[in-house]
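Residue numbers (the working numbering): 268 to 375.
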């Protein structure tokens with residue numbers, strides 16, 4: 268690293284900044300390309316890729332919320348049906364026990 272304030276230092280600093288900026292742009296481009304691969308459309312324009320990604324994520328979130336509501340309702344209905352069947356099963360067990368007792372009583 269050249270001494271601060273020298274022309275070499277200024278050149279070194281500019282080159283260093285260019286390299287840092289180049290790596291930053293490469294990271295952004297890599298991220299955009301990765302986004303492009305995840306999207307249903309294969310846009311090439313970076314701004315369109317980002318817009319499409321935002322729309323796609325919003326749609327996925329809407330679908331997720333809709334599915335959560337649907338599954339919650341289905342679970343409530345299923346739980347209610349299970350409870351009704353369990354109650355019915357319990358009543359039938361009691362009825363069966365009563366019939367067994369009557370049969371045993373008539374056997375005597």
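Here a beta-carbon is modelled for each residue, glycine too, at the ideal position from N, C-alpha and C.
Note that the structure is predicted; figures quoted are calculated from it, not measured.
CB contact flag (residue i, residue j, <8 Å)
i           : j           : result
residue 310 : residue 297 : no
Environment of residue i [buried if 16+ CB atoms lie within 10 Å]
i           : result
residue 316 : buried
residue 303 : buried
Presumed contact (8 Å Cβ cut-off) between residue i and residue j, rounded CB distance
i           : j           : result
residue 279 : residue 268 : 7 Å
residue 313 : residue 324 : Between residue 324 and residue 313 the Cβ distance is about 17 Å, and since that is not below 8 Å, they are no contact.
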